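If you use the UniProt record's numbering, the sequence shown closes out at 73, no skipped numbers anywhere. Backbone N, C-alpha and C define an ideal beta-carbon position, used for all residues, glycine too. For clarity, every value in this text was computed on a predicted model and none was experimentally measured. Structure first, commentary second.
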Amino acid sequence: MKQSRLMSLVEAVANVAVGYGVAVVTQILIFPIFGLHATLAQNLKLGLIFTLVSLGRSYALRRVFEAIRVWTN
């Protein structure tokens, strides 16, 4: 069954939304170990930047793999 572009985006957004929460919590716990001290607002903004990059990456890879699937059938 073929996945639509919209459903590819929905899946990527859901995946990245969960990843955002994990990333922010990880930053809050790990940054101090490396001597990095960021406010909650800074952690949220940094997490947002990484989330947007991850969203684009996830969507692009999904489309590449869908194109490969279509091409090989």
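For residue i, the three-state DSSP class (helix, strand or coil)
i, result
"G21", "helix"
"G35", "coil"
"N15", "helix"
"S4", "coil"
"N73", "coil"
Option in the options with minimal Cα separation from residue i
i, options, result
"N15", "N43, I30 and L52", "L52"
"Q27", "R57, N43, L55 and S58", "N43"
"L46", "G21, V70, I33 and I68", "G21"
"L48", "K2, R63 and V25", "V25"
Anticipated Cβ contact below 8 angstroms, residue i with residue j, distance rounded
i, j, result
"V13", "L55", "7 angstroms"
"F50", "A23", "6 angstroms"
Where residue i falls, given that 16 or more other Cβ within 10 Å makes a residue buried
i, result
"S4", "exposed"
- For the 8 angstroms Cβ check, are there 3 or more pairs between the segment 29-38 and the segment 5-18? no
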